[in-house]
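The structure under discussion appears below in the form of structure tokens.
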Amino acid sequence: MRARIGLAALAALLVALPAFAGSYALSVATLILYFAYIGQAWNVMMGFAGQLSLGHSLYVGVGAYTAGALFFHYGIGPWAGLWLAMLLCVAFGLVIGFLAFRFGISGVYFALLTIAFAEFTRIGFDHLDWLGGPGGMFLRVAQRDVWDLANFRGPPLMYYYTMLALTAGAFLLCFFLLKSRAGYYWQAIRENEEAAQALGINTFRWKMVAVGLSAALTSISGVFFAFYYNNLFPEQIFHISRSIEIILGPVIGGVGTLFGPILGAAVLTLLSDGITELLAALGLEIPGIKQVFYGVVLLIVVMFLPHGIWPALSRKIGIDR
Amino acid sequence: LSLDLVVNVVVAGLLTGLVYGLMALGLSVIFGVVRVVNFAHGEMMTIAMYAATVLFAALKLDPFLAVLPVAIAFFIFGYALQAGFINPFITRPEHSQFMLLVAVAIIMVNALLMIFGPDARNVQIDYQLESFELGSILVDKARLYAALLAVAAAAALFAFFRLSLTGKAIRACADNYMGARVVGLNIKHLYSLTFGLGAACVAIAGCAMVLLVDVTPPLGPYYTLLAFVIVIVGGLGSMTGALLGGVLIGVSEALAGLLIAPSAKSMFSFGLLILVLLLRPQGLLGRKS
Numbered sequence: 015m016r017a018r019i020g021l022a023a024l025a026a027l028l029v030a031l032p033a034f035a036g037s038y039a040l041s042v043a044t045l046i047l048y049f050a051y052i053g054q055a056w057n058v059m060m061g062f063a064g065q066l067s068l069g070h071s072l073y074v075g076v077g078a079y080t081a082g083a084l085f086f087h088y089g090i091g092p093w094a095g096l097w098l099a100m101l102l103c104v105a106f107g108l109v110i111g112f113l114a115f116r117f118g119i120s121g122v123y124f125a126l127l128t129i130a131f132a133e134f135t136r137i138g139f140d141h142l143d144w145l146g147g148p149g150g151m152f153l154r155v156a157q158r159d160v161w162d163l164a165n166f167r168g169p170p171l172m173y174y175y176t177m178l179a180l181t182a183g184a185f186l187l188c189f190f191l192l193k194s195r196a197g198y199y200w201q202a203i204r205e206n207e208e209a210a211q212a213l214g215i216n217t218f219r220w221k222m223v224a225v226g227l228s229a230a231l232t233s234i235s236g237v238f239f240a241f242y243y244n245n246l247f248p249e250q251i252f253h254i255s256r257s258i259e260i261i262l263g264p265v266i267g268g269v270g271t272l273f274g275p276i277l278g279a280a281v282l283t284l285l286s287d288g289i290t291e292l293l294a295a296l297g298l299e300i301p302g303i304k305q306v307f308y309g310v311v312l313l314i315v316v317m318f319l320p321h322g323i324w325p326a327l328s329r330k331i332g333i334d335r
Numbered sequence: 046l047s048l049d050l051v052v053n054v055v056v057a058g059l060l061t062g063l064v065y066g067l068m069a070l071g072l073s074v075i076f077g078v079v080r081v082v083n084f085a086h087g088e089m090m091t092i093a094m095y096a097a098t099v100l101f102a103a104l105k106l107d108p109f110l111a112v113l114p115v116a117i118a119f120f121i122f123g124y125a126l127q128a129g130f131i132n133p134f135i136t137r138p139e140h141s142q143f144m145l146l147v148a149v150a151i152i153m154v155n156a157l158l159m160i161f162g163p164d165a166r167n168v169q170i171d172y173q174l175e176s177f178e179l180g181s182i183l184v185d186k187a188r189l190y191a192a193l194l195a196v197a198a199a200a201a202l203f204a205f206f207r208l209s210l211t212g213k214a215i216r217a218c219a220d221n222y223m224g225a226r227v228v229g230l231n232i233k234h235l236y237s238l239t240f241g242l243g244a245a246c247v248a249i250a251g252c253a254m255v256l257l258v259d260v261t262p263p264l265g266p267y268y269t270l271l272a273f274v275i276v277i278v279g280g281l282g283s284m285t286g287a288l289l290g291g292v293l294i295g296v297s298e299a300l301a302g303l304l305i306a307p308s309a310k311s312m313f314s315f316g317l318l319i320l321v322l323l324l325r326p327q328g329l330l331g332r333k334s
């Protein structure tokens, strides 16, 4: 009950936020929701099904470039591009999953395989002139005051509400997934794959479902990225540091929990922004100093809260999820 | 594209590959014993490279002489890192260990950026420009010395693990954790020792590498990935595999740079990594577990 009231209050706050937040706060909130959403998508694969992917930037990048290229070359809007992006990302995910699971690759080796595919694709995109190569692809920036939903062009408010809807949707989806047959199968696989198999669960099929679903969800954030930032560089979007950025939120918040990715994204984004402000106020603007602070905080959280912030916090405030 | 050019490129790639191999050897030893994937490996390599440039700038110390102090410092640092931070994590899940080392790597690479800035640094010594001529093959002196140093360091590590009692104890830990505990080995101390040795390997490789390339902070993550590729290709836990993998990657990168495009050279490495993971996950020289 407590959890539901808290959730309703949070939802109301987020819906009403633009009424009293400035444009800067709104952009920070959009960023938090972006990382919360993408963390939730990653969590389906790692948190639920126990498959550690360190190459999720692959799906962000392929999603972003697919929808971006359709718009850039043919003027096809993101609503059509979205489907192709999802299709391609699911195909990529299923190919990687098929190869990995058929050849019995798991744990660290699976993680390295996902890195290898993402890096391979990154360098490949660097050599695709049709997509701008290393020089990047730039989408035409339209005027920002009207809501042009068909082409997904509009004021920051539009992007905020889009991201809010996506995050809420992913949260609900994961909520129902965890209670569904698939959710229980995944958790069984995560805890003990051999035992799950012995119980008659088709572990190969359910791991493939997790990878495909996670890839599809992640590709949507890629489409959003393309139309929000309007510029795409392989070096940035596919880089391993992007993949790490994706998983920081859920790991800090709590892997496998529903609320962990959201909390983790909020904590990390606010922390990063807070450090920037603090250092600017102190006049310490040396390149790298912000990330050093960030790394130290990360180190402390990982050391002292091994299961993430949310499991510890939820016990304290008496919510069991 | 003459044959001479190809042979020259292959020889240079082979020598650089041996230095890569020593770097990867550090990673392989750490993973093989401690079972923790050191995601800060390349970052440690760049720190060693910066240390060599600083010692050179301040004391005019040749990197081949800087090897000794840098390796000792890295051994102590590695021991402390394992004893203080990683030992409490050895029973935690993989993603938790991974995050710990990612945090360490973020701190390292950005601390370097803070201290040294984004500009490339190097050392300039006379013999870097000189080379030996073997018929039509030109071998850079610095590259040859660096490769010889890497081979010597690898041989010393190999001898330590084969011949010394401590080395045998470490191998016992790697082979059978429970058994090692039962016979009363101090596992935490041995783990820390192993990480220290792995760090010392990286230190030596870094001092050698600084003669061949300029160092910038982003080189860290790149070397981390490179070390993974080499170790997986060669076979995790196999010491000769790490050296062989280093040579293989060094030569293939050099050839890909010559024949395709310099920017595409690491695509080849990652392609090789994917193939090896799928077809021979124990690596070329690894044992089946």
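Residue numbers (this note's numbering), protein chains in the order written: chain A, 15 to 335; chain B, 46 to 334.
Heads up, the beta-carbon is just placed ideally off N, CA and C, and yes, glycines get one too.
Check	Outcome
If you draw a straight line from the C-alpha of L125(B) to the C-alpha of C103(A), how long is it?	The question names Leu, but residue 125(B) is Ala in the sequence shown. So the alpha carbons of these two residues sit roughly 43 Å apart.
Hey, P326(B) and V154(B): beta-carbon distance below 7 Å or not?	no
Alpha carbon to alpha carbon, how far is L189(B) from S286(A)? Give it in angstroms, no decimals.	45 Å
Which partner residues of V260(B) appear in the DSSP bridge assignment?	R166(B)
Determine the closest residue to L293(B) out of V64(B), M159(B), I135(B) and A118(B), with distance taken between C-alpha atoms.	V64(B)
Quick one: does V316(A) have its CB under 7 Å from some CB of chain B?	yes
Hey, is L113(A)'s beta-carbon within less than 7 Å of any beta-carbon in chain B?	yes
Do you know offhand how far V76(A)'s Cα is from G180(B)'s?	50 Å
Alpha carbon to alpha carbon, how far is L60(B) from Y198(A)?	53 Å
7 Å is my cut-off, CB to CB: does L66(A) come that close to chain B?	yes
One question on the structure: do V55(B) and V296(B) come within less than 7 Å of each other, judged by their Cβ atoms?	yes
Residues of the segment 89-123 of chain A with a CB closer than 7 Å to any CB of chain B: list them in chain order, please.	L113, F117, I119, G121, V122 and Y123
Might you give, ordered along the chain, the residues of its own chain that have their beta carbon closer than 6 Å to the beta carbon of Y73(A), omitting 5 neighbours on each side?	C103, A229, T232 and S233
List the residues of chain A that E139(B) touches, going by C-beta distances under 9 Å, in chain order.	L66, G121, V122 and A125
So for D159(A), helix, strand or coil by DSSP?	coil
Does DSSP put G291(A) in a helix, in a strand, or in coil?	One point to set straight first is that residue 291(A) is Glu, not Gly, in the sequence displayed. Helix.
Could you name the residues of chain A that A301(B) contacts, counting a contact when the two beta carbons are closer than 9 Å?	Within chain A, no residue comes near A301(B); the closest Cβ sits about 11 Å away, beyond 9 Å.
Note the first and the last residue of the continuous alpha helix (DSSP H) segment covering F177(B).	That residue, F177(B), is in no alpha helix (DSSP H); its beta strand (DSSP E) goes S176 to L179.
For the ligand COA, I want to know if S67(A) counts as a neighbour, meaning its beta carbon is within less than 6 Å of at least one of the ligand's heavy atoms.	The ligand COA is absent from the structure shown, which contains no ligand whatsoever.
Do M59(A) and A184(A) have their C-beta atoms closer together than 7 Å?	no
For R167(A), count neighbouring Cβ atoms within 10 angstroms of its own Cβ and tell me buried if that reaches 16, exposed if not.	buried
Thinking C-alpha only, which one of V321(B), I75(B) and A253(B) is nearest K186(B)?	A253(B)
Does DSSP put N155(B) in a helix, in a strand, or in coil?	helix
Would you list, in chain order, the members of the segment 284-312 of chain A that have their beta-carbon closer than 7 Å to a beta-carbon of chain B?	I300, P301, G302, I303, Q305, V306, Y308, G309, V310 and L312
Check this for me: beta carbons of L153(A) and F86(A), under 7 Å apart or not?	yes
Out of L329(B), S308(B), G302(B) and M312(B), which one is the CA nearest neighbour of G58(B)?	G302(B)
Can you name the residues that DSSP bridges to M68(B)?	Per DSSP, none; premise fails for M68(B).
Closest Cβ-Cβ distance between F218(A) and chain B: below 7 Å?	no
With 7 Å as the limit, tell me which residues of the segment 136-165 of chain A have their beta carbon closer than that to any beta carbon of chain B; keep them in chain order.	I137, G138, D140 and H141
Is M89(B) close to chain A, meaning its C-beta is less than 7 Å from at least one C-beta of that chain?	no
If V42(A) and T283(A) are in contact, beta carbons under 8 Å, what's the gap, nearest whole angstrom?	6 Å
Shortest alpha-carbon distance to D159(A) belongs to which of I300(A), L187(A), M172(A) and M151(A)?	M172(A)
In whole angstroms, what is the alpha-carbon distance linking P266(B) and E88(B)?	6 Å
Does the CB of V82(B) have a neighbour CB from chain A at under 7 Å?	yes
Quick one: measure Cβ to Cβ for L194(B) and L70(B), integer angstroms, because I've assumed they're closer than 8 Å.	So it is not a contact: roughly 13 Å between Cβ atoms.
Report yes if the C-beta distance between P170(A) and L40(A) is below 7 Å; otherwise report no.	yes
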